[in-house]
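For reference, each letter of the sequence shown is one residue, going 7 to 242 in the working numbering.
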Amino acid sequence: MHSLTHWDHLFALFVFIAYPVLARINFPALAKRVRESGEPAKIQAYVQTILTTLCFALILLGLWFWLQRDWQSLGIRPAPLQQTVYGLVICIAVLGFTVLQFRAMQREEMAKLAASLGDLATLMPRTEREQVWFRLVSSNAGISEELLYRGFLIWYFSQLVDVWWAAGIAVLVFTFAHSYQGIKQVPGLLYISSVLVVLYLVSGSLLLPILFHAVYDMLQGFYIARLLGNPEPASG
Numbered sequence: 007m008h009s010l011t012h013w014d015h016l017f018a019l020f021v022f023i024a025y026p027v028l029a030r031i032n033f034p035a036l037a038k039r040v041r042e043s044g045e046p047a048k049i050q051a052y053v054q055t056i057l058t059t060l061c062f063a064l065i066l067l068g069l070w071f072w073l074q075r076d077w078q079s080l081g082i083r084p085a086p087l088q089q090t091v092y093g094l095v096i097c098i099a100v101l102g103f104t105v106l107q108f109r110a111m112q113r114e115e116m117a118k119l120a121a122s123l124g125d126l127a128t129l130m131p132r133t134e135r136e137q138v139w140f141r142l143v144s145s146n147a148g149i150s151e152e153l154l155y156r157g158f159l160i161w162y163f164s165q166l167v168d169v170w171w172a173a174g175i176a177v178l179v180f181t182f183a184h185s186y187q188g189i190k191q192v193p194g195l196l197y198i199s200s201v202l203v204v205l206y207l208v209s210g211s212l213l214l215p216i217l218f219h220a221v222y223d224m225l226q227g228f229y230i231a232r233l234l235g236n237p238e239p240a241s242g
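Below you can see the structure in the form of structure tokens.
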């Protein structure tokens, strides 16, 4: 059972502890730069996010290939039909509830949500061009972050503790890694991380978590942009 190597520990230490701490430290400066420079700086931040998480995911896949591990242990496998149906029901229910929540918001609730975003609001897409790039960020997050936070992380901790404990730890690590978004976002992060873990454990595959994660992020980007007010698309 205990097939962990020092490479696994180093990878986990850097990706799930060191990098999130650096992101937390640097996020205020990034938000300030975007406020001052506008769309170009925001798109640059999107590109950096894509390249960073994609690089981590590729390193993980390379590690798996080098150590000749079973890809199924990383969640790279098809899900049985019945489990897929269960997972789809969860996806539709949560995504539908999310859309209804946004559409039912009153003016006071919208103002409260906008205020709770803090610096994170600066990074949300506002123009059509930013929306295109944000959809790319969302798609990459679906693939890369699910490989990292569900595929690898649950496998990693399940070498040390029971799989349900591993799943719980994975929820907390995902929340910690995204805590740069602000303390007010922590309940939402815990919620969505729990949904993604349940999807993975129910379906037994990363496919549904990947699709759900990407669509959920896109929906958030779309509705929060409307909430914040969408300026005219930048020229060029």
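Even for Gly, the Cβ is constructed at its ideal location relative to N, Cα and C.
Please report how far the alpha carbon of I175 lies from the alpha carbon of A110, in whole angstroms.
33 Å
8 Å contact criterion, which G148 and L73 should meet: CB distance rounded:
In fact, because the Cβ distance is near 25 Å, the residues do not count as touching under 8 Å.
Can you tell me whether DSSP reads S9 as helix, strand or coil?
coil
When we look at the beta-carbon of P215 and count the other beta-carbons within 10 Å, is it buried (16 or more) or exposed?
buried
Quick one: residues in its chain with C-beta nearer than 7 Å to the C-beta of T55, no 5 flanking neighbours on either side, listed in chain order?
V143
Which full runs of the alpha helix (DSSP H) of 4+ residues lie inside the segment 103-191, going along the chain?
113-123, 126-129, 134-146, 159-164, 169-183
By Cβ distance, which residues of its chain are closer than 7 Å to S145, with the 5 residues on each side in sequence left out?
A220
DSSP-derived helix/strand/coil call for S211:
coil
L213 to R83 span [Cα, whole Å]:
8 Å
Between S199 and the rest of its own chain, which residues show a CB-CB distance below 6 Å, the 5 nearest in sequence each way excluded?
V177, F180, T181
I'd like the list of long-range same chain contacts for A29, defined as Cβ closer than 6 Å, with 5 residues on each side in sequence excluded.
Y186
Taking 6 Å as the limit between beta carbons, can you name the residues of its chain near M224, skipping five residues before and five after?
R141, S144
Rounded to the nearest angstrom, what separates Y25 and H15 at their Cα positions?
14 Å
Counting only beta-carbon separations shorter than 7 Å, does N32 have a partner in chain B?
Considering every chain present, this structure includes no chain B. It has just one protein chain.
Just reading off the alpha helix (DSSP H) that I56 is part of, what are its end residues?
45-72
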